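Visitor: When you line the sequence shown up against my numbering, it's residues 2 to 622, in that order.
Positions of the beta carbon are idealized from the N, C-alpha and C atoms, including for glycine.
All values reported here derive from a predicted model rather than from experimental measurement.
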Amino acid sequence: MKKILISLFIGIVFLLPQVAFGKSVSGNGSVIVEYLHPIDASGSNCISSNTLNDGDPITWDVGAEYIVNAYDNSTNQIVNENATVPQGTQIRFDVVLENSQTSWFENGRSYDSPNGIWVDSFPAPVAGCLLDLPGRPPSQNVYFKRPTTNFNHSGSSASMSCNGNGSLCTVTGAGTLATSIDFSPGSFVAHGSGVYMADPVAPAYWHPISGIGFPVTPVLTYPIQVAGPTNQPPSAPSLTGPTTGSTSVSYPYNTQASDPDGDTVRYGIDWDNNNTVDEWTTYVASNTSVSTNHSWATAGSYTFKALAQDSNGASSGWSTPLTMTIQNIVNGTCGAANAFPTTNPPSIGLCFSGTNTPVTPGVAPGPYSWSCTGGGGGSTATCSAPYLEPAPVVDLKINGSDGPLTVNRNANLNITWGNIPYAATCTGTGNNWTGGKFTTGGNDNIQATAASLYTLTCTNSQGISASDSISVTLAPTLKICQNSCSGSIEPPASFSMDRYDTKDLVACHNDAVSCTDATGDVTTSATWTEGGGNPVSLGGSSPKTLTADNVGTESIQATYSGNTVIRSVTVTCTDSGACQRDSRSQSLCQKDNFTVTDNCGQIQNCTGEKTCDYNWKEVAP
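#1: Please say whether ILE399 and VAL473 have beta carbons closer to each other than 8 Å?
#2: To the nearest angstrom, report how far apart ASN564 and THR407 are at their CA atoms.
#3: Who are TRP529's beta bridge partners in DSSP?
#4: Nearest to ILE447 by CA position, among ALA175, GLY464, ILE270, THR417, is which residue?
#5: Could you name the residues that DSSP lists as bridge partners for ASN606?
#6: If you follow the alpha helix (DSSP H) that ALA579 is part of, which residue opens it and which one closes it?
#7: Just mark GLY336 as buried or exposed, buried being the case when its beta carbon has 16 or more other beta carbons within 10 Å.
#8: Counting pairs of beta carbons, one from the stretch 269-282 and one from the stretch 352-360, are three or more of them closer than 8 Å?
#9: Would you call the stretch 338-353 and the stretch 300-316 touching, i.e. three or more CB-CB distances under 8 Å?
#10: Determine the extent of the beta strand (DSSP E) in which ARG568 is found, giving its start and end residues.
#11: Going by the beta-carbon positions, is the gap between GLY379 and VAL331 smaller than 8 Å?
#12: Note down, in chain order, each residue of its chain lying with its Cβ closer than 8 Å to the Cβ of SER157, except the 5 sequence neighbours on either side.
#13: Can the beta-carbon of VAL566 be found less than 8 Å from the beta-carbon of CYS580?
#14: Hey, quick one: how far does the beta strand (DSSP E) through SER249 stretch, first residue to last?
#15: Any contact of the stretch 486-495 with the stretch 457-468, i.e. 3+ C-beta pairs under 8 Å?
#16: In chain order, which continuous runs of the beta strand (DSSP E) of length 3 or greater are located wholly inside the stretch 273-336?
#17: For TRP297, count the other beta carbons within 10 Å of its own beta carbon; 16 or more makes it buried, fewer makes it exposed. Which is it?
#18: Would you call the CB atoms of THR265 and SER287 closer than 8 Å?
#19: Rounded to whole angstroms, what's the CA-CA distance from TRP225 to ALA237? Just pull it up for me.
#20: Return helix, strand or coil for ARG267, following the three-state DSSP convention.
#21: Nearest-angstrom Cα distance between SER495 and THR517?
#22: Could you tell me which residues DSSP puts in a beta bridge with SER259?
#23: Shortest alpha-carbon distance to PRO87 belongs to which of SER317, ASN511, PRO362?
#24: With distances taken from CA atoms, which of TYR268, THR324, SER302 is nearest ALA315?
#25: Throw me the rounded Cβ distance for the PRO253 and GLY242 pair, which I believe falls under 8 Å.
#26: For ASN100, name the three-state secondary structure that DSSP assigns.
#27: Assuming the contact rule is C-beta atoms closer than 8 Å, THR450 and ARG500 should be a hit. Round their C-beta distance to whole Å, please.
#28: Which residues does DSSP list as the beta-bridge partners of GLY455?
#29: Using a Cβ-Cβ cut-off of 8 Å (strictly less than) and excluding sequence neighbours within five positions of ALA84, which residues of its own chain qualify?
#30: Is GLN591 helix, strand or coil by DSSP?
#31: So, PRO544 versus LEU506, is the Cβ gap smaller than 8 Å?
#32: Could you compute how far the alpha carbon of VAL202 sits from the alpha carbon of VAL97?
#33: May I ask you to report which of helix, strand or coil DSSP gives ARG93?
#34: Quick one: what does DSSP say TYR206 is sitting in, helix, strand or coil?
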C-alpha cells in the first residue's frame, strides 16, 4: 500500500534558470525529500489514516526559464545587448513567464509532464486533509510561484532616472547602462490526483528551489551603451492640417521640428494612433516644414500623431495628436420651401439635403433667402421664397353686431368697418348697399326693406381677397290673406260683404309685405275669433270660411306667435235677383208692373220680362 500511494505524488527536479536576454545562467541539481502524512480521516474526501508512511524518498528534477526583453519605450522597438542609445531614451524592461518555460520530472516514478504552471499563489489544503481544489485539474502537476523581479542599475556609469522597481528608466547622461535583474527565490508545489504533498515537519506545501547546484537568486547583467551628449533628440514636431473632411479626399498635413544639434530630421506619422510609425518622410533641414498627404476611405473620426528623428537616430516625443472627422460627401439641395410664396419667413422644408443657414430677413416682409450647405466638402445651394402679402383683414359690423341679424321691415341698418390692413380695394354687396367702399373704413345707414346678405370684400395688391359677411333677415309679420298666402288678395282693415256671401281666408306668418309669399301658412296653428255678434261666422279649418249671415258689422281676428290681425266686416243686403226669382217676371209683359218682398225684407217694384205685341190687328170673326 505504501508504494501505491507514493506513486500518486509528483517528483520535482530544478534545472538551472535560463535568461533569454543575450546572456544566460546555467546549472543542474536535484533534491530528495522524505514525507510523513498524518491524516485526519473524518472528512469524506480524505484518504484513510495510515495509508502513507514516513521514509519514502522521492526525487524531483525541475527546470524554469526567465525571459527578459528591453525596449525603447517611445518606439516599442527591442534594444539589443550592448546597443547604443541616445540620451533621453526611455528603456523599458519586461519579464516574460510562459508555462512552456518550465519542466519537471519525478525521478524513479511514472509521472512527468512537458511543463509546469506559473501561479501567483496557491490555496493551502485543509489541515490534515488532502483535497482537490476548485478550478485545479485533478491530475498530477507542478505549480511554480511567479518570482518578484528587481532591476538594479547600481553598476551603471550612465546617469538615469527610474521608477520604483527600476523597470522603466530614462537615460540622461552618457556611459554604460549596466543593469542586473534579480529574481526572488523560486518555489513550487506538487499536486497529485486528489492529494497534496505536505512537509512532515511543518505542513507547508510550497517548496523552495534551493540547494540544488545554482544560486537562490539568479542574477543577469545586461549592458547598454548611452551615447554622449553631442547628439540631442529633436523637439516634438508640430502637426497641423484640416480636422474635418470627406471620404477619399487627400488632405495635407504639415510637420515641423527643430534639432538642437542642427542635424537633418525626418518625420514619422502614426496614422492609426498605435504608437508605431506608419509613414516616414525624407530627411530635411532642421526646422523645415514638410507636407504629407493622407486620405480616409470611410466616414468616422481618426486620431494620429507625429514624431521627429534626427540623422543620428535620436527621436523626439510624439506631437499633440490631431483628430480628423471624415464625413460622406453631401451636396446641399433646396427643400420644398424654395420658390414657395410665404408671408412669414419659412422654417420647415428649407433643405432636402445639407444644413440650412438662417433665413433672411428674419421677419416679414420678404422676399426671403437662405443656403443649404453641403457636408464633407459637398456643394452649397442658394434658396429663396417670394413674399406672399397677407390677405386683407376685414371686419364688418351691422348695428354693432357680427350678425346674423333679424330686424323689422324698414328698420335702420348701421353698417360700419374700420381700416382694412393690406387692402388695395374694397367692394360692398347687399340690398341697398352695393358698390365700392373705402379701404380706410366707413359708416353707412340704410333701411331694411328686404332680407339680404351684406358682404364687404377687399383685395390686396397681389390679388388676394378676403371678405366678411352678415346675414340680415326681416322679422315675420302676421297677415290674413284670401284664398292663399301667395294669392295677392289681402282683405283691408274694413271691408263689406253681401249677405250670404263667403270668403276663404288663411293666416300667413312671413316677412312679405303682402300676400305674395307662399311660405308661412299658419292657418291651422293660429287662433281665430269673432267679435261676438251675428253678422258673420267662421267655419272650416284650412282655409277658414267667412260667411255673411246678417246685416251688420262684426270683427274677426287671427292670433299667432304673439301677433294679432283684426279685420272689421260689414254685411249689407242687396237682393238684386228677387224680381227674377218671382214667376210673374216671365209671365207678365215688360209693361206690366208687380211688387215682391226680397230676401232682405224689402219690397221691390218689378216689371215683367215677357215680350208682348201691343199693336191692334183685325182678325176674322
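Guide: Put simply:
#1: By one-based count along the sequence shown, residue 473 stands at place 472. By one-based count along the sequence shown, residue 399 stands at place 398. ILE399 is positioned such that its CB atom lies closer than 8 Å to that of VAL473.
#2: Here residue 564 is taken as the residue at index 563 of the sequence shown, counted from 1. Here residue 407 is taken as the residue at index 406 of the sequence shown, counted from 1. Cα to Cα, ASN564 sits roughly 16 Å from THR407.
#3: Counting from 1 along the sequence shown, the entry for residue 529 is found at position 528. TRP529 is bridged to ALA559.
#4: Mapped onto the sequence shown, residue 447 falls at position 446. The residue with the shortest Cα to Cα distance from ILE447 is THR417.
#5: Here residue 606 refers to the residue found at position 605 of the sequence shown. According to DSSP, ASN606 bridges with THR596.
#6: Sequence index remark: in the sequence shown, residue 579 carries index 578 (1-based). That run of the alpha helix (DSSP H) goes 579-582.
#7: In the sequence shown, the residue the question calls residue 336 occupies position 335. Classification for GLY336: buried.
#8: Flag = no, the stretch 269-282 and the stretch 352-360 do not touch.
#9: With the rule of 3 Cβ pairs closer than 8 Å, the stretch 338-353 does not count as touching the stretch 300-316.
#10: Taking the first residue of the sequence shown as 1, we reach residue 568 at position 567. Note, ARG568: beta strand (DSSP E), 564-573.
#11: Looking up residue 379 in the sequence shown gives position 378. Looking up residue 331 in the sequence shown gives position 330. Contact flag set, yes.
#12: Taking the sequence shown and counting its residues from 1, one reaches residue 157 at position 156. Cβ contact annotation for SER157 (same chain, cutoff 8 Å, sequence separation greater than five): GLY176, THR177, LEU178, ALA179, THR180, in chain order.
#13: Position 565 of the sequence shown, counting from 1, holds the residue named residue 566. Position 579 of the sequence shown, counting from 1, holds the residue named residue 580. Taking 8 Å as the cut-off, the Cβ atoms of VAL566 and CYS580 do not count as close.
#14: One-based indexing of the sequence shown puts residue 249 at position 248. That residue, SER249, is in no beta strand (DSSP E); it is neither H nor E in DSSP.
#15: No, they do not touch.
#16: Complete beta strand (DSSP E) runs here, min 3: 291-295, 301-311, 323-328.
#17: In the sequence shown, the residue the question calls residue 297 occupies position 296. Residue environment: TRP297 is assigned as buried (16 or more neighbouring CB atoms within 10 Å of its CB, all protein chains considered).
#18: Along the sequence shown, one-based indexing puts residue 265 at 264. Along the sequence shown, one-based indexing puts residue 287 at 286. Yes.
#19: Walking along the sequence shown from the start, residue 225 turns up at place 224. Walking along the sequence shown from the start, residue 237 turns up at place 236. It is Ile, not Trp, that sits at residue 225 in the sequence shown. Approximately 25 Å between the Cα atoms of the pair.
#20: Stepping through the sequence shown from its first residue, residue 267 is reached at position 266. In the three-state scheme derived from DSSP, where H, G and I count as helix and E and B as strand, ARG267 is classed as strand.
#21: As a working note, residue 495 is residue 494 in the sequence shown. As a working note, residue 517 is residue 516 in the sequence shown. Using only the alpha carbons, I get a separation of about 20 Å.
#22: Here residue 259 refers to the residue found at position 258 of the sequence shown. According to DSSP, SER259 bridges with nothing at all.
#23: Here residue 87 is taken as the residue at index 86 of the sequence shown, counted from 1. For PRO87, the nearest C-alpha among the options comes from SER317.
#24: Here residue 315 corresponds to residue number 314 of the sequence shown, with the count starting at 1. Closest by alpha carbon: TYR268.
#25: On the sequence shown, position 252 is the one that residue 253 refers to. On the sequence shown, position 241 is the one that residue 242 refers to. PRO253 to GLY242, Cβ: 6 Å. Contact.
#26: Locating residue 100 in the sequence shown gives position 99, counting from the first residue. ASN100 falls in the helix class under three-state DSSP.
#27: Stepping through the sequence shown from its first residue, residue 450 is reached at position 449. Stepping through the sequence shown from its first residue, residue 500 is reached at position 499. 41 Å between Cβ atoms; not a contact.
#28: Position 454 of the sequence shown, counted from the start, is the residue given in the question as residue 455. Checking the sequence, you will find Tyr at residue 455 rather than Gly. Under DSSP, the beta-bridge partners assigned to TYR455 are ILE471.
#29: Residue mapping note: residue 84 aligns to position 83 of the sequence shown, counting from 1. Only ILE225, GLN226 meet the Cβ criterion.
#30: Within the sequence shown, the letter at position 590 stands for residue 591. In the structure shown, the three-state DSSP call for GLN591 is coil.
#31: One-based indexing of the sequence shown puts residue 544 at position 543. One-based indexing of the sequence shown puts residue 506 at position 505. Against a cut-off of 8 Å, the Cβ pair of LEU506 and PRO544 comes out as a contact.
#32: The sequence position of residue 202 within the sequence shown is 201, counting from 1. The sequence position of residue 97 within the sequence shown is 96, counting from 1. Caution is warranted here: a pLDDT of 37 is assigned to VAL202, below 50, making its placement in the model unreliable, and no coordinate value can be reported.
#33: Here the question's residue 93 lines up with position 92 in the sequence shown. Strand.
#34: As a working mapping, residue 206 is identified with position 205 in the sequence shown. Low confidence applies here, because TYR206 scores a pLDDT of 46, under 50, leaving its location unreliable; read the following figure in that light. In the structure shown, TYR206 sits in coil (DSSP, three-state: anything other than H, G, I, E or B).
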